[in-house]
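Asker:
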Amino acid sequence: MPKATETTLEINLNALSYNFGYISSKLHKGIKLMAVVKASAYGSDSVKVAKKLEALGVDYFAVAYASEGETLRNNNLETPILVLHPQTVNFDKIVQHCLEPSIYSPLMLDRFIAFAESENLKNYPIHIKINTGMNRIGFSVNDVNYCIKKLSKTNTVTVKSIFSHLAASEDMENRVFAEKQISDFKTASEYLINNLSYTPLRHTLNTSGILNFPEAQFDMVRSGIGLYGFGNCEEENKNLRPIATLKTIISQIHTIKKGESVGYNFGFIAEKEMKSATLPLGHADGINRAYGKGNGFVTIHGKKAPMIGNICMDMLMVDITNIPCEEGDEVIVFGEKNATAEEFASSIHSISYEIITAISPRVKRIFVD
Ligand SMILES: *Cc1c(COP(=O)(O)O)cnc(C)c1O
Numbered sequence: 059m060p061k062a063t064e065t066t067l068e069i070n071l072n073a074l075s076y077n078f079g080y081i082s083s084k085l086h087k088g089i090k091l092m093a094v095v096k097a098s099a100y101g102s103d104s105v106k107v108a109k110k111l112e113a114l115g116v117d118y119f120a121v122a123y124a125s126e127g128e129t130l131r132n133n134n135l136e137t138p139i140l141v142l143h144p145q146t147v148n149f150d151k152i153v154q155h156c157l158e159p160s161i162y163s164p165l166m167l168d169r170f171i172a173f174a175e176s177e178n179l180k181n182y183p184i185h186i187k188i189n190t191g192m193n194r195i196g197f198s199v200n201d202v203n204y205c206i207k208k209l210s211k212t213n214t215v216t217v218k219s220i221f222s223h224l225a226a227s228e229d230m231e232n233r234v235f236a237e238k239q240i241s242d243f244k245t246a247s248e249y250l251i252n253n254l255s256y257t258p259l260r261h262t263l264n265t266s267g268i269l270n271f272p273e274a275q276f277d278m279v280r281s282g283i284g285l286y287g288f289g290n291c292e293e294e295n296k297n298l299r300p301i302a303t304l305k306t307i308i309s310q311i312h313t314i315k316k317g318e319s320v321g322y323n324f325g326f327i328a329e330k331e332m333k334s335a336t337l338p339l340g341h342a343d344g345i346n347r348a349y350g351k352g353n354g355f356v357t358i359h360g361k362k363a364p365m366i367g368n369i370c371m372d373m374l375m376v377d378i379t380n381i382p383c384e385e386g387d388e389v390i391v392f393g394e395k396n397a398t399a400e401e402f403a404s405s406i407h408s409i410s411y412e413i414i415t416a417i418s419p420r421v422k423r424i425f426v427d
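For the record, in the sequence shown the residue sitting at position 202 is 260 according to our numbering, with numbers rising by one throughout.
(1) Excluding sequence positions up to five away, which residues of its chain have a Cβ less than 7 Å from the Cβ of Ile414?
(2) May I ask you to list the residues that DSSP assigns as paired with Pro183?
(3) For ligand 1, is there any heavy atom lying closer than 7 Å to the beta carbon of Asn297?
(4) Please state whether DSSP places Lys316 in a helix, a strand or coil.
(5) Please give me, in chain order, every unbroken run of the beta strand (DSSP E) with length at least 3 that falls completely inside the segment 278 to 312.
(6) Kindly list the residues whose CB is nearer than 7 Å to the CB of Gly321, restricted to its own chain and excluding five residues on each side of it in sequence; keep chain order.
(7) Can you tell me which residues form a DSSP beta bridge with Leu269?
(8) Using C-beta distances below 6 Å, list every residue in its chain close to Asn70, excluding the 5 sequence neighbours before and after it, in chain order.
(9) Indicate whether Leu179 and Ser219 have their beta-carbon atoms separated by less than 8 Å.
(10) If you draw a straight line from the alpha carbon of Phe402 to that of Ala246, how long is it in whole angstroms?
(11) Drop a sphere of 10 angstroms on the beta-carbon of His261, count the other beta-carbons inside from all chains shown, and report buried for 16 or more, exposed for fewer.
(12) In three-state DSSP terms, what is Lys208?
(13) With distances taken between CB atoms, is the gap from Pro144 to Pro159 smaller than 8 Å?
(14) Does the beta-carbon distance from Ile307 to Val215 come in below 8 Å?
(15) Taking 7 Å as the cut-off, is the C-beta of Thr265 nearer than that to any heavy atom in ligand 1?
(16) Secondary structure at Leu259, three-state DSSP: helix, strand or coil?
(17) Tell me, to the nearest whole angstrom, how far the beta carbon of Gly344 is from that of Ile424; I am working on the premise that it is less than 8 Å.
(18) Just to confirm, is the Cβ distance from Glu177 to Val147 under 8 Å?
(19) Whole angstroms is fine: what's the gap from Ala124's alpha carbon to Thr357's?
(20) Go ahead and pull the three-state DSSP assignment for Asn70.
(21) For Leu114, I'd like the list of residues in its chain whose CB is within less than 7 Å of its CB, leaving aside the five on either flank, ordered along the chain.
(22) Could you tell me whether the Cβ of Lys316 comes closer than 8 Å to any Cβ of chain B?
(23) Round the Cβ separation of Met332 and Thr379 to the nearest angstrom and send it over; I've been treating them as touching at under 8 Å.
(24) Is His185 near ligand 1, going by C-beta to nearest heavy atom under 7 Å?
(25) Pick out the complete alpha helix (DSSP H) segments inside the segment 361 to 386, 4 residues or longer, and give them in chain order.
(26) Smallest Cα separation from Ile406: which of Val94, Gly350, Thr63, Ile314?
(27) Is the Cβ-Cβ distance between Ile184 and Ile161 less than 8 Å?
(28) Given a cut-off of 8 Å, decide if Ala97 and Ala122 are closer than it, judged by their beta-carbon atoms.
(29) Near Ser198, which residues of its chain fall below 6 Å by C-beta distance, leaving aside the five closest residues on each side in sequence?
(30) CA-CA distance, Lys151 and Ile81?
(31) Roughly how many angstroms separate the alpha carbons of Leu140 and Val95, rounded to a whole number?
(32) Would you mind reading off the limits of the beta strand (DSSP E) that contains Ala93?
(33) State the Cα-Cα distance for the pair Gly196 and Asn323, rounded to the nearest angstrom.
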């Protein structure tokens, strides 16, 4: 890659292929892979990423909201798309774009069936979400009977899949919790299937679930973070390649005298003469204020430069006293090896998921393939 000349999020589609291959290698024969491309494919670009995954033969996509699925359809993606968190107000959009809603409560089931009746739909694909302990969205196990009753009285919808979500699939110290969720899911989904005249797919594993609970793949698995290069533990991170690298440049270098301040509200006071570099990157680009005051760091010519003072909206300043560098030089905020988004985020007790999805649309995306 040529050196950055402005703030850029570089998306490596070869790394995406690599991660797709690694995750696929963990699957038993015949298990389908659903790629989770919500939140602009975890902060990258949902269309570019989905096109690549479709070419690689992915079986399903998942998005959080209907509008995200609409974007994929408007860009000619044809793979089935599960909408994880549909809202009543978007049923029109869902059907118009052949999106498949997750139905997670008696109220949603009633409303979707009523909508399907009013539109004269037949066998419209829906997915039944069961709550097994995450307590976020999903039918309680006790509501499964309600589902069965309601479904037996209509031919407007077909259950394409039954699924659940693990609350702590990366937490090996609490394995029993996930194991209980898996067994409750198995029981509830079997009961539902026994009361249908056909057999929907079943799935409950996210990326760490795929890595830690190979016995629970059922018919399909859902991978998000793994495809983007993180495995939620050091060992697995080594097997994956982060697809996103956030780069910027040095706009200006200052020599700061002892006692002088840097940035807003005297957020940094020099204890001795030092050098600062100003970067064209700020909280409006997704760099939280918490990274300021020495917490976060960037990498310049392989050396770590801590962020000093308060993060501004469009800029931040770093300490480069011990780093030979010049105005215009490239700066790595996070990327592959030694400066991953996971390490970057850990400086403010955050996680890879949060920082990669936070990079705002203002930051230019470029693609390597
Ligand atoms: C976001 C999400 C996933 C993806 O999880 P990863 O940890 O990124 O693999 C899977 N399932 C559901 C229900 C989700 O909301």
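For glycine and all other residues, C-beta sits at the position ideal for the given N, C-alpha and C. The structure displayed is predicted, hence computed values, not measured ones.
Answerer: Once the coordinates are examined:
(1) Tyr100, Gly101, Tyr286, Ala302, Ala399
(2) Thr216
(3) no
(4) coil
(5) 278 to 281, 302 to 307
(6) Gly367, Asn368, Cys370, Met375
(7) Note: Leu269 sits in no beta bridge, so no partner.
(8) Ile301, Val426
(9) no
(10) 40 Å
(11) buried
(12) helix
(13) yes
(14) no
(15) yes
(16) strand
(17) Incorrect: roughly 17 Å between the Cβ atoms, too far for contact.
(18) no
(19) 38 Å
(20) strand
(21) Ser75, Phe78
(22) In the displayed structure, chain B is absent; only one protein chain is listed.
(23) 4 Å
(24) no
(25) none
(26) Gly350
(27) yes
(28) yes
(29) Asn189
(30) 32 Å
(31) 10 Å
(32) 90 to 94
(33) 47 Å
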